[in-house]
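Chemist:
In our numbering, the protein residues as written are 2 to 318.
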């Protein structure tokens, strides 16, 4: 009868292999157990650390919430303080505006009262002025009436005096032209004849007797006595021979910096022969720069010519 492998007795080699295998399995099992314990320990430690981190995070979160709450409370307090301050400023502003309005109203009332008083005073003054003007007009009318009456009286006296003078034979010699005294004005002179009876009062007939010059009766401008002769002088206007005019007008520029004066000049031409050019220059008018000047500021004679000079205000200077 054959023996099978199951029934065969174990040989020493196989017994050794089996013992090694069992020992190896045991080592693996122990290592696995240790590894498992280590893993469990690490997991536990990790879990513990995570728990601690969570607790710390929760604590930090609570701290941040507390700080945030403190900041919110501080913000609310500051905002409440700011609103209170703005309310105070608004109240002060309203009080200031109210005071200003009250002062404006008071000033308007004062102004209205002053204007009313001024209007009343103006009415009184206007009434007084109108009354004064009326009195002046009445006085003027009385004066004019008095002058007209005096003129009528003088005319009657003149008529009588004229008849008396004619009876005495008073008359003027033919008037003779003299020199030009100013621009357009010429002096005439004549002798009064038959004035011997007036030797003690020679001025009266000279002033009263008119003379006919250029078709117009004129009284003397002045009288003079030369020995036994009485001479009258007349200043007659509108004499064309006494009307020289300026030519060669020039702009001489500013007199001096800051003077605000500009100097202009022109030569006086068509002077009558024998006349005083400087005297006529001082009364001769001229027009330039769209302005009329009745006479120059100064006159001077240069190289035989008479020049007029004008000092004219000019802001450019």
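All residues carry an ideal CB built from backbone N, CA and C; glycine is no exception. Being a predicted model, the structure only gives us computed values, none of them experimental.
Which residue from 21, 114, 236, 203 puts its Cα closest to that of residue 213?
Modeler: Mapped onto the chain shown, residue 213 falls at position 212. Minimum Cα distance to residue 213 is reached at 236.
Chemist: Which one or two residues does DSSP pair with residue 224 in a beta bridge?
Modeler: Position 223 of the chain shown, counting from 1, holds the residue named residue 224. Paired residues: 233.
Chemist: Where does residue 81 sit, in a helix, a strand or coil, going by DSSP?
Modeler: Stepping through the chain shown from its first residue, residue 81 is reached at position 80. DSSP places residue 81 in helix when its eight states are reduced to three.
Chemist: What does the alpha-carbon distance come out to for the pair residue 112 and residue 104?
Modeler: Mapped onto the chain shown, residue 112 falls at position 111. Mapped onto the chain shown, residue 104 falls at position 103. Approximately 12 angstroms between the Cα atoms of the pair.
Chemist: Taking residue 255 as the reference, give the member of 275, 69, 294, 312 with the closest Cα.
Modeler: Here residue 255 is taken as the residue at index 254 of the chain shown, counted from 1. Considering only alpha carbons, the answer is 312.
Chemist: Measure from the alpha carbon of residue 278 to the alpha carbon of each residue in 180, 24, 94, then state which is nearest.
Modeler: In the chain shown, residue 278 corresponds to position 277, counting from 1. With distances taken between Cα atoms, residue 278 lies closest to 180.
Chemist: Distance, Cα to Cα, residue 284 vs residue 184?
Modeler: Taking the chain shown and counting its residues from 1, one reaches residue 284 at position 283. Taking the chain shown and counting its residues from 1, one reaches residue 184 at position 183. Taking the straight line from one Cα to the other gives about 5 angstroms.
Chemist: Counting C-beta neighbours from all protein chains within 10 Å, is the total for residue 207 16 or more, i.e. buried, or is it exposed?
Modeler: Within the chain shown, the letter at position 206 stands for residue 207. Under this definition residue 207 is a buried residue.
Chemist: Taking 6 angstroms as the limit between beta carbons, can you name the residues of its chain near residue 225, skipping five residues before and five after?
Modeler: Taking the chain shown and counting its residues from 1, one reaches residue 225 at position 224. Hits under 6 angstroms: 232.
Chemist: When we look at the beta-carbon of residue 44 and count the other beta-carbons within 10 Å, is it buried (16 or more) or exposed?
Modeler: Locating residue 44 in the chain shown gives position 43, counting from the first residue. Exposed is the call here.
Chemist: Could you pull out every residue in the same chain whose Cβ sits closer than 6 angstroms to the Cβ of residue 304, ignoring the five residues on either side in sequence?
Modeler: Numbered from its first residue, the chain shown carries residue 304 at position 303. There are no such residues.
Chemist: For residue 308, which residues from the same chain have a beta carbon less than 6 angstroms from its beta carbon, with the 5 sequence-adjacent residues on both sides left out?
Modeler: Within the chain shown, the letter at position 307 stands for residue 308. Counting only Cβ-Cβ distances below 6 angstroms, and skipping sequence neighbours, we find 266, 268, 301.
Chemist: Looking only at its own chain, which residues have a Cβ that is under 7 angstroms from the Cβ of residue 261, when we skip the five neighbours before and after it?
Modeler: Within the chain shown, residue 261 is the residue found at index 260, counting from 1. Hits under 7 angstroms: 314, 315, 316, 318.
Chemist: Please tell me whether residue 195 and residue 171 are closer than 8 angstroms, where the distance is taken between their beta carbons.
Modeler: On the chain shown, residue 195 is found 194 positions in, with the first residue counted as 1. On the chain shown, residue 171 is found 170 positions in, with the first residue counted as 1. In contact: residue 195 and residue 171 (Cβ atoms closer than 8 angstroms).
Chemist: Taking its Cβ as the centre, do 16 or more other Cβ atoms sit within 10 Å of residue 243, making it buried, or is it exposed?
Modeler: Your numbering for residue 243 matches position 242 in the chain shown. By the neighbour-count rule (16 or more Cβ atoms within 10 Å), residue 243 is buried.
Chemist: Just curious, the beta strand (DSSP E) that residue 178 is in, first and last residue?
Modeler: Stepping through the chain shown from its first residue, residue 178 is reached at position 177. Note, residue 178: beta strand (DSSP E), 177-183.
Chemist: Classify residue 319 as buried or exposed, calling it buried when 16 or more other Cβ atoms lie within 10 Å of its own Cβ.
Modeler: The structure shown has nothing for residue 319, since the chain only spans 2 to 318.
Chemist: Considering residue 309, what are the terminal residues of the alpha helix (DSSP H) in which it resides?
Modeler: For the purposes of this step, residue 309 is identified with residue 308 of the chain shown, where counting begins at 1. Here residue 309 belongs to no alpha helix (DSSP H); instead the beta strand (DSSP E) covers 306-314.
Chemist: Spell out whether any CB of chain B is found under 8 angstroms from the CB atom of residue 105.
Modeler: The displayed structure is made up of one protein chain only, and chain B is not part of it.
Chemist: Going by C-alpha distance, which of 36, 310, 87, 246 is nearest residue 273?
Modeler: The residue you call residue 273 lines up with position 272 of the chain shown. Nearest of 36, 310, 87, 246 to residue 273, Cα basis: 246.
Chemist: What does a CB cutoff of less than 6 angstroms around residue 20 pick up in its chain, not counting 5 residues either side in sequence?
Modeler: Sequence index remark: in the chain shown, residue 20 carries index 19 (1-based). Answer for residue 20: no residue qualifies.
Chemist: Would you identify the three-state DSSP class for residue 276, choosing helix, strand or coil?
Modeler: The sequence position of residue 276 within the chain shown is 275, counting from 1. It is coil, neither helix nor strand.
Chemist: Go through the segment 188-214 residue by residue and report every complete run of the alpha helix (DSSP H) that reaches 4 residues or more, in order.
Modeler: With a minimum length of 4 residues, the continuous alpha helix (DSSP H) runs that stay inside the segment 188-214 are 204-209.
Chemist: Assign residue 210 to buried or exposed, taking buried as 16 or more other Cβ atoms, counted over all protein chains shown, within 10 Å of its Cβ.
Modeler: Sequence index remark: in the chain shown, residue 210 carries index 209 (1-based). Residue 210 should be labelled buried.
Chemist: Alpha carbon to alpha carbon, what distance is there between residue 148 and residue 228?
Modeler: Within the chain shown, numbered from 1, the residue matching residue 228 stands at position 227. Within the chain shown, numbered from 1, the residue matching residue 148 stands at position 147. For residue 228 and residue 148, the distance between alpha carbons rounds to 38 angstroms.
Chemist: Please report the distance separating the alpha-carbon of residue 142 from that of residue 135.
Modeler: Counted from its first residue, the chain shown places residue 142 at position 141. Counted from its first residue, the chain shown places residue 135 at position 134. Looking at the two C-alpha atoms, the distance is approximately 10 angstroms.
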